[in-house]
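Scroll down for the structure; my scribbles are underneath it.
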Amino acid sequence: MSEIYSVGIDPTVLAKELDEKWTDKYPDIDQSRVSYESMTSPEFYELEREAVFRRSWLYAGRAEWVDRPGQFFTKEYEVLRNSIIVVHGHDGNVRAFYNVCPHRGNKLVWKDDPGEPIEGVCNRFYCKYHGLGYGTDGKLEVLTDRRSWFGDQGKELALAEIPLASWNGFLFVNMNPGGPEQTLREFLGDYYWEGFAWPFEKLTERFVARGVTQCNWKGLMDAFNEIYHGVYVHKEAFPYLQKMDFDALQAMHVKTMALVGQHGFYISPRNPQGLFVTDIERISQCTGTGPQYPAAEDLTRLPPAANPIHTDDWGTSSHFIFPNIQIQFYYPNWYLVYQYWPLAYDRMRFEIDCHYQPSRNFSELISHYGHVATFWDAALQDINNLEATQKGLEMGVFQNWPLTDQELMIRGFHRQIYDHVARYREERNLEGAAIRPERR
Numbered sequence: 001m002s003e004i005y006s007v008g009i010d011p012t013v014l015a016k017e018l019d020e021k022w023t024d025k026y027p028d029i030d031q032s033r034v035s036y037e038s039m040t041s042p043e044f045y046e047l048e049r050e051a052v053f054r055r056s057w058l059y060a061g062r063a064e065w066v067d068r069p070g071q072f073f074t075k076e077y078e079v080l081r082n083s084i085i086v087v088h089g090h091d092g093n094v095r096a097f098y099n100v101c102p103h104r105g106n107k108l109v110w111k112d113d114p115g116e117p118i119e120g121v122c123n124r125f126y127c128k129y130h131g132l133g134y135g136t137d138g139k140l141e142v143l144t145d146r147r148s149w150f151g152d153q154g155k156e157l158a159l160a161e162i163p164l165a166s167w168n169g170f171l172f173v174n175m176n177p178g179g180p181e182q183t184l185r186e187f188l189g190d191y192y193w194e195g196f197a198w199p200f201e202k203l204t205e206r207f208v209a210r211g212v213t214q215c216n217w218k219g220l221m222d223a224f225n226e227i228y229h230g231v232y233v234h235k236e237a238f239p240y241l242q243k244m245d246f247d248a249l250q251a252m253h254v255k256t257m258a259l260v261g262q263h264g265f266y267i268s269p270r271n272p273q274g275l276f277v278t279d280i281e282r283i284s285q286c287t288g289t290g291p292q293y294p295a296a297e298d299l300t301r302l303p304p305a306a307n308p309i310h311t312d313d314w315g316t317s318s319h320f321i322f323p324n325i326q327i328q329f330y331y332p333n334w335y336l337v338y339q340y341w342p343l344a345y346d347r348m349r350f351e352i353d354c355h356y357q358p359s360r361n362f363s364e365l366i367s368h369y370g371h372v373a374t375f376w377d378a379a380l381q382d383i384n385n386l387e388a389t390q391k392g393l394e395m396g397v398f399q400n401w402p403l404t405d406q407e408l409m410i411r412g413f414h415r416q417i418y419d420h421v422a423r424y425r426e427e428r429n430l431e432g433a434a435i436r437p438e439r440r
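Residues 1 to 440, numbered by the working numbering, are exactly what the sequence shown covers, in order.
Take a look at the structure:
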């Protein structure tokens, strides 16, 4: 076996004996119960908006979406009451701007609904209010009613640029007033910055699901940060689960997991072949975990950070990037990005982007559609279940939760949230500065 990839982390955390616990490898991680407050408190949510989202590098999209000059897309960040434009300028530079006209504050780029994102290609952006036009570099190019402006006030108008950085084609922005506290590389850490190179740019066939659900945004993040629930929540979407008892499913515990700075990952084993193929799945050459036809390019070799233990028996390699996205590789040849965007303390918008190699024929396209339908059905089971979780939490019967060893990622994630909020409170001398997960 090749040497374990462990840039920036202790390699001993990547393996354990049967009677060991993953959590024991992190002596600084509290193993007591975790407070529910961050899931049910409107006041905590308001602090979270500033302490977590305002200061973090936030995912915007993929570099392929702005591959050529004039190509752009918009992105809504309701949690910060912001909208941005990411555009490939005609000067060759990719930039991000706040999506607002500096004249009277009208939202600049939108189509039918100002709250919905759009994408396209243009030479310049025109404000729908007074017709002012801005180039793809953000500079004013069209000034209407020139004689009515005072001095150079009109000529000096320009879009407000936002710090933007790229990591393996994943574009991130930072909307912290005064600029980012860290570079994107510092934010991600060496483990991910150096070890995540993979041909993401070749998987350009994309299927997108977006929706709103009545639960705290961290609830869905928690659901996808463990595989413990799969046997029970997804037994209809994956019928083979009904044929296996829990003892047999011990083999479906993660092969490895680790907390890496603010982030973390787990690798789960591949599902048994042949146990889960229904007639419609056979016809479309797909299962709930992915298309099964021979792909144009073999992508089963993962980047070092996605498979540090070099296992051949990987089914999913899931990576939580703080604060609110997950990048997941699925065997054998596709990946997805989950996004969890808060709208209120008890309401969120989710986005699921599934990426495949371009279909070479109709059969492969049908395989992609068949898989997406099955996969999204499973995702909706999670989302529906989380609405029930939120209702349960709102009852206030219990104030904290115990977490199992399989839920280490959840424990680490919530610790990061509480630490960010506590630091924010302390800096501003706000009441309740010392809040931490409850110890009991």
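Quick reminder that beta carbons are idealized off the backbone N, C-alpha and C, glycines included.
Runs of alpha helix (DSSP H) with 4 or more residues, each lying fully within the region 40 to 122, are found at 42 to 48, listed in chain order. Across the structure, A378 and Y356 are spaced so that their CA atoms are roughly 19 Å apart.
Setting aside the 5 residues that flank it on each side, K107 is surrounded in the same chain by S83, N99, V100, C101, P114, each with a C-beta closer than 8 Å to its C-beta; the list follows chain order. The beta strand (DSSP E) runs of length 3 or more contained entirely in the region 285 to 351 are, from start to end of the chain, 316 to 321, 325 to 330, 334 to 344.
Per DSSP, the unbroken beta strand (DSSP E) holding L171 starts and ends at 170 to 174. Shown here for M257: same chain residues with a beta carbon closer than 8 Å to its own, the five before and five after excluded, namely W22, G264, F265, Y266, I267, L408, M409 in chain order. Here the alpha carbons of V109 and F97 stand approximately 11 Å from one another. Taking 8 Å as the upper bound for CB-CB distance, N168 and W198 are in contact here, some 7 Å apart. Annotation for T389: C215, G219 place their beta carbon closer than 8 Å to its own, counting only its chain and skipping 5 residues before and after. Residue environment: K139 is assigned as exposed (fewer than 16 neighbouring CB atoms within 10 Å of its CB, all protein chains considered). C-alpha of M395 to C-alpha of E3: approximately 50 Å in a straight line. By the CB criterion at 7 Å, F322 and N225 fall outside the cutoff. The alpha helix (DSSP H) runs of length 4 or more contained entirely in the region 361 to 414 are, from start to end of the chain, 362 to 394.
In terms of CA proximity to V13, Y26 leads the group V7, Y26, D19.
R124 is positioned such that its CB atom lies no closer than 7 Å to that of G131. Within the same chain, Cβ atoms closer than 8 Å to the Cβ of L386 are found at T213, C215, G219, L220, A223, the five residues on either side in sequence being excluded. With respect to S35, N400 sits close: the two C-beta atoms are nearer than 7 Å. In this chain, the beta strand (DSSP E) harbouring Y126 covers 124 to 126. Its Cα nearest to that of Y45, the residue Y345 stands out among H414, N429, Y345. Around the Cβ of G412, a 10 Å sphere holds 16 or more other Cβ atoms; the residue is buried. Contact annotation: the region 297 to 314 touches the region 193 to 210, with at least three C-beta pairs closer than 8 Å. Under the three-state reduction of DSSP, D10 is assigned to coil, being neither helix nor strand. The residue among E426, G392, L188 with its C-alpha nearest the C-alpha of I9 is L188.
In this structure, H103 and C127 form a Cβ contact; the two beta carbons are roughly 7 Å apart against a cut-off of 8 Å. Inclusion of G92 and L171 in the CB contact set at 7 Å is not warranted, their separation being larger than that value.
Going by C-alpha positions, I280 is about 11 Å away from I366. At the C-beta level, A209 and I352 come within 7 Å of one another. As the crow flies, the alpha-carbon of T144 is around 10 Å from that of K155. G264 is bridged by DSSP to L259, F320. At a Cβ-Cβ threshold of 7 Å, Y335 and R270 do not count as neighbours.
For R147, the number of other beta carbons within 10 angstroms of its own is below 16, and it is reported as exposed. Scanning its chain for C-beta atoms nearer than 7 Å, with the 5 sequence neighbours on each side dropped, one finds around I327 the residues H319, I321, Y335, V337, in chain order. In this structure, W57 places its C-beta atom within 7 Å of the C-beta atom of N174. Per DSSP, R185 is not a residue of any beta strand (DSSP E); the alpha helix (DSSP H) it occupies stretches across 184 to 188. Restricting attention to A63, D405, R423, the CA atom closest to the CA of L259 is found in D405. Annotation: the continuous beta strand (DSSP E) that includes W167 extends over 164 to 167.
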